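K.L.:
Protein sequences appear in the order of chains A and B. Sequential numbering from 53 applies to the first sequence in our numbering. Sequential numbering from 242 applies to the second sequence in our numbering. Next up is a structure, given as structure tokens.
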Amino acid sequence: MTPFAGSDLLLQVTYLAAAVLFILSLKLMSSPSTARHGVWAGEVGMLLAIVGTLLHHGIVDYRWIAVGLVLGSIIGVPLGMVHMTAVPQRTALSHAFGALCVTLVGTSEYYLRAPGVPPFMMAVLSAEVILGSLTFTGSLMAAGKLEEVLPQRPITYKGQNFVNLSVLAIAVAVAAVLVRHPEHTHLFPLMLAIPLLFGVLMIVPIGGADMPTVMSLLNSYAGLSAAAMGFVLDSKLLIIAGALDGASGFILSVNMSKAMNRSFSNVLFGAFGQEAAKAAAGQETRPVRSATPEEAAAILAAANKVVIVPGYGMAVAQAQHKVRELYDSLTKRGVDVKFGIHPVAGRMPGHMNVLLAEADIPYDKLVDMDDLNPEFPQTDVALVIGANDVTNPAARSDPGSPIYGMPILDVDKARTVMVIKRSMSPGFAGIDNPLYYLDKTLMLFGDAKTFVGDIVRELGGGGHS
Amino acid sequence: MVQTDLITDLYVFILAAFIGFEVIRRVSPLLHTPLMSLTNALDAIAVVGAIILAGEGKSTLATILGTLAIVAATSNIVGGFLITDRMLKMFKTSRTPKS
Numbered sequence: 053m054t055p056f057a058g059s060d061l062l063l064q065v066t067y068l069a070a071a072v073l074f075i076l077s078l079k080l081m082s083s084p085s086t087a088r089h090g091v092w093a094g095e096v097g098m099l100l101a102i103v104g105t106l107l108h109h110g111i112v113d114y115r116w117i118a119v120g121l122v123l124g125s126i127i128g129v130p131l132g133m134v135h136m137t138a139v140p141q142r143t144a145l146s147h148a149f150g151a152l153c154v155t156l157v158g159t160s161e162y163y164l165r166a167p168g169v170p171p172f173m174m175a176v177l178s179a180e181v182i183l184g185s186l187t188f189t190g191s192l193m194a195a196g197k198l199e200e201v202l203p204q205r206p207i208t209y210k211g212q213n214f215v216n217l218s219v220l221a222i223a224v225a226v227a228a229v230l231v232r233h234p235e236h237t238h239l240f241p242l243m244l245a246i247p248l249l250f251g252v253l254m255i256v257p258i259g260g261a262d263m264p265t266v267m268s269l270l271n272s273y274a275g276l277s278a279a280a281m282g283f284v285l286d287s288k289l290l291i292i293a294g295a296l297d298g299a300s301g302f303i304l305s306v307n308m309s310k311a312m313n314r315s316f317s318n319v320l321f322g323a324f325g326q327e328a329a330k331a332a333a334g335q336e337t338r339p340v341r342s343a344t345p346e347e348a349a350a351i352l353a354a355a356n357k358v359v360i361v362p363g364y365g366m367a368v369a370q371a372q373h374k375v376r377e378l379y380d381s382l383t384k385r386g387v388d389v390k391f392g393i394h395p396v397a398g399r400m401p402g403h404m405n406v407l408l409a410e411a412d413i414p415y416d417k418l419v420d421m422d423d424l425n426p427e428f429p430q431t432d433v434a435l436v437i438g439a440n441d442v443t444n445p446a447a448r449s450d451p452g453s454p455i456y457g458m459p460i461l462d463v464d465k466a467r468t469v470m471v472i473k474r475s476m477s478p479g480f481a482g483i484d485n486p487l488y489y490l491d492k493t494l495m496l497f498g499d500a501k502t503f504v505g506d507i508v509r510e511l512g513g514g515g516h517s
Numbered sequence: 242m243v244q245t246d247l248i249t250d251l252y253v254f255i256l257a258a259f260i261g262f263e264v265i266r267r268v269s270p271l272l273h274t275p276l277m278s279l280t281n282a283l284d285a286i287a288v289v290g291a292i293i294l295a296g297e298g299k300s301t302l303a304t305i306l307g308t309l310a311i312v313a314a315t316s317n318i319v320g321g322f323l324i325t326d327r328m329l330k331m332f333k334t335s336r337t338p339k340s
């Protein structure tokens, strides 16, 4: 019945070896110095499992397998070669592909087994198909928002949570009927279609700032659906891979929620954008101090300790290579330069680190928020590039602020704060930032790439100390 | 599926989830993006189920859906490992690496 419960001991041993290599692969990811070995371990495990399966005696026809493997590789290579700024949408797309695979396999397993599907089997099959199909459309929606082919603003309406939860409840109810009466094959397409709809509805109210959390959550769902598929096929290897992925996505979701001071339900059912738009209304214009690239360069050159806080705006402006030049030129002058990384900087967990590593900034200079915050009082200059909410002191001091309680980088504790920004318009979440009106804050108005380039030129031209 | 298989599978799931938590908790936040693309590639081990489905030829539907599933999973394997390795290659330290 189940394809894996054969007498093929060798195949089982191969799968066991693959499972060990997968766990080892994640273990090697603990440090950047061993992480690439982790990828190799994963690749070897994957190769073993696939070759072992191809030699499986139940296979009678290799033609379609070959077609699938070749086509998949042709699609996979360009997806592996995307630009680093596009990694979030690529990852969302790969969650969608993973979920698609699981849903397709689940669907054909049902039709192969119906009408005589035992209750427990039908229950895991339902979990597989529901999780798989909602992750599929949800991830496609997330990818569309990240790629900006879909509107990034959260779309909300009254009673949205009620509608969404009802849709999910109907899908679960259909699954419950199928568990009792698996012979009602006409209900199965409904169990596919409703979660597909739910996946879309789930992402509609999600804004760009919440993407890191949602990406992690979809990652977790993709893993759990794969684990459910493992139960259906009685494949321990798939259960292990799915459980590892599910655990990883869950840990990242918790991290991201903490970093934004939000609960899961709040991210999924919150509609952050609306609340924030209200808070931004009715702000009077207050005076700010601004500075030219020359002045900024002079202050930076005189500093001992500089912390650069990059946000997604830096990546949008493609300024990371100019920032590297700034890092080089300050380091050459003996200035201690570090980068402060907020967990939600970028569009997915850890995205900012990848963008800075791509610009050849050494990873030991990329410091996590919690490790860096105690150092700000001894910091001469905090330079904020394209980040906004993650530096907003209102998160610490103003209980009325929509981001109150969110952990932030304490740049306002540095001796001088410089903020590169296009204009005074509020950021993506639409929340006003009191940091900009502090006496110690200098606003550097302009495009991040051009402005940093100008500072670098000033530093280079102004005396060879 | 016999009842004992189910219980064994549940044991495997629970234990693997615990291992996952303990191992992934130790992954540096520096590497959370490559971590996600790597787990995504590993997750595509689902290709194994798709291969059997497409190769057993039990029904036309199973062959078609199985083949599509192989395409989806293989693109994750190839793309996932490729981009993870590309990202990790970029992480360099300013100190001389200890050996």
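Each residue gets a CB set at the ideal place from its N, CA and C atoms; glycine is no exception. From a predicted model like this one, the values you see are computed outputs, not experimental measurements.
What are the residues that DSSP puts in a beta bridge with A/Thr468?
P.N.:
A/Val433
K.L.:
Within a Cβ cutoff of 7 Å, which residues of the same chain sit near B/Val288, ignoring the five residues on either side of it in sequence?
P.N.:
Ile311, Ala314, Thr315 and Ile318
K.L.:
Under 8 Å: do the region 282 to 292 of chain A and the region 67 to 77 of chain A share three or more Cβ pairs, one atom per stretch?
P.N.:
yes
K.L.:
Hey, quick one: how far does the beta strand (DSSP E) through A/Ile393 stretch, first residue to last?
P.N.:
Asp388 to Ile393
K.L.:
At least one CB of chain B closer than 8 Å to the CB of A/Gly498: is that the case?
P.N.:
no
K.L.:
Can you list, in chain order, the residues of its chain with a C-beta nearer than 8 Å to that of A/Gly512? Leave out the 5 residues immediately preceding and following it.
P.N.:
Ser381
K.L.:
The alpha helix (DSSP H) with A/Ile222 in it runs from where to where?
P.N.:
Gln212 to Arg232
K.L.:
Is A/Gly363 close to chain B, meaning its C-beta is less than 8 Å from at least one C-beta of that chain?
P.N.:
no
K.L.:
Quick one: grab the DSSP three-state call for A/Phe428.
P.N.:
Reduced to three states, the DSSP call for A/Phe428 is helix.
K.L.:
List, in chain order, every chain B residue whose beta-carbon is nearer than 7 Å to that of A/Glu95.
P.N.:
Close partners of A/Glu95 in chain B (Cβ separation under 7 Å): Phe322.
K.L.:
Where does A/Phe497 fall in DSSP's three states?
P.N.:
Looking at A/Phe497 - three-state DSSP - the assignment turns out to be strand.
K.L.:
Would DSSP call A/Thr155 helix, strand or coil?
P.N.:
Of the three classes helix, strand and coil, the one that applies to A/Thr155 here is helix, per DSSP.
K.L.:
For chain A, check one thing: does any of its Cβ atoms lie closer than 8 Å to the Cβ of B/Ile248?
P.N.:
no
K.L.:
Quick one: residues in its chain with C-beta nearer than 7 Å to the C-beta of A/Tyr379, no 5 flanking neighbours on either side, listed in chain order?
P.N.:
Val389 and Ile413
K.L.:
For the candidate residues A/Val375, A/Leu494, A/Val358 and A/Gly365, whose alpha-carbon lies nearest to that of A/Ala434?
P.N.:
That would be A/Val358, whose Cα lies nearest to the Cα of A/Ala434.
K.L.:
Roughly how many whole angstroms lie between the Cα atoms of A/Gly94 and B/Val268?
P.N.:
Looking at the two C-alpha atoms, the distance is approximately 16 Å.
K.L.:
Using the beta-carbon of each residue, which ones in chain A are nearer than 7 Å to B/Thr304?
P.N.:
Trp116
K.L.:
Suppose you measure from the CA of B/Asn281 to the CA of A/Gly150; what does that come to, to the nearest Å?
P.N.:
8 Å
K.L.:
Under 8 Å between C-beta atoms, does A/Ala534 make it to chain B?
P.N.:
In the structure as shown, chain A begins at 53 and stops at 517. Residue 534 of chain A is therefore absent and cannot be evaluated.
K.L.:
Anything in chain B within Cβ reach of A/Glu410, meaning under 7 Å, just list it in chain order.
P.N.:
Going along chain B in sequence order, the residues near A/Glu410 (Cβ under 7 Å) are Met331.
K.L.:
Quick check: A/Leu249 and A/Phe74, are their CB atoms within less than 8 Å of each other?
P.N.:
In this structure, A/Phe74 does not lie closer than 8 Å to A/Leu249 by Cβ.
K.L.:
Quick one: using the 10 Å Cβ neighbour count with 16 as the cut-off for buried, is B/Ala257 buried or exposed?
P.N.:
It is buried - the Cβ of B/Ala257 has at least 16 other Cβ atoms within 10 Å.
K.L.:
Going by DSSP, what residue range makes up the alpha helix (DSSP H) through A/Pro241?
P.N.:
Phe240 to Ile255
K.L.:
Would you call the region 164 to 172 of chain A and the region 129 to 149 of chain A in contact, with 3 or more CB pairs under 8 Å?
P.N.:
no
K.L.:
Per DSSP, A/Ser342 forms a beta bridge with which residues?
P.N.:
A/Met495
K.L.:
Report the option in A/Ala343, A/Val436, A/Trp116 and A/Pro257 whose CA atom is closest to the CA atom of A/Asn216.
P.N.:
A/Pro257
K.L.:
At which residues does the beta strand (DSSP E) containing A/Pro171 begin and terminate?
P.N.:
For A/Pro171, no beta strand (DSSP E) segment is defined; the enclosing uninterrupted segment is the alpha helix (DSSP H) at Pro171 to Leu198.
K.L.:
Should A/Gly457 go down as buried or exposed, given a rule of 16 or more other Cβ atoms within 10 Å for buried?
P.N.:
exposed
K.L.:
What do you reckon, are the CB atoms on A/Ala80 and A/Gly90 nearer than 8 Å?
P.N.:
The displayed chain sequence assigns Leu, not Ala, to residue 80 of chain A. Yes, they are a contact pair.
K.L.:
Would DSSP call A/Pro396 helix, strand or coil?
P.N.:
The sequence given here has Val at residue 396 of chain A, not Pro. It is coil, neither helix nor strand.
K.L.:
In chain A, what lies closer than 8 Å to B/Thr280 by C-beta?
P.N.:
Near B/Thr280 (Cβ distances below 8 Å), the residues of chain A are Leu78, Asn271, Gly275, Leu296, Asp297, Ser300 and Gly301.
K.L.:
Can you pull out the residues from the region 231 to 248 of chain A whose beta carbon lies closer than 8 Å to at least one beta carbon of chain C?
P.N.:
Absent from the structure is chain C; the protein chains it does hold are A and B.
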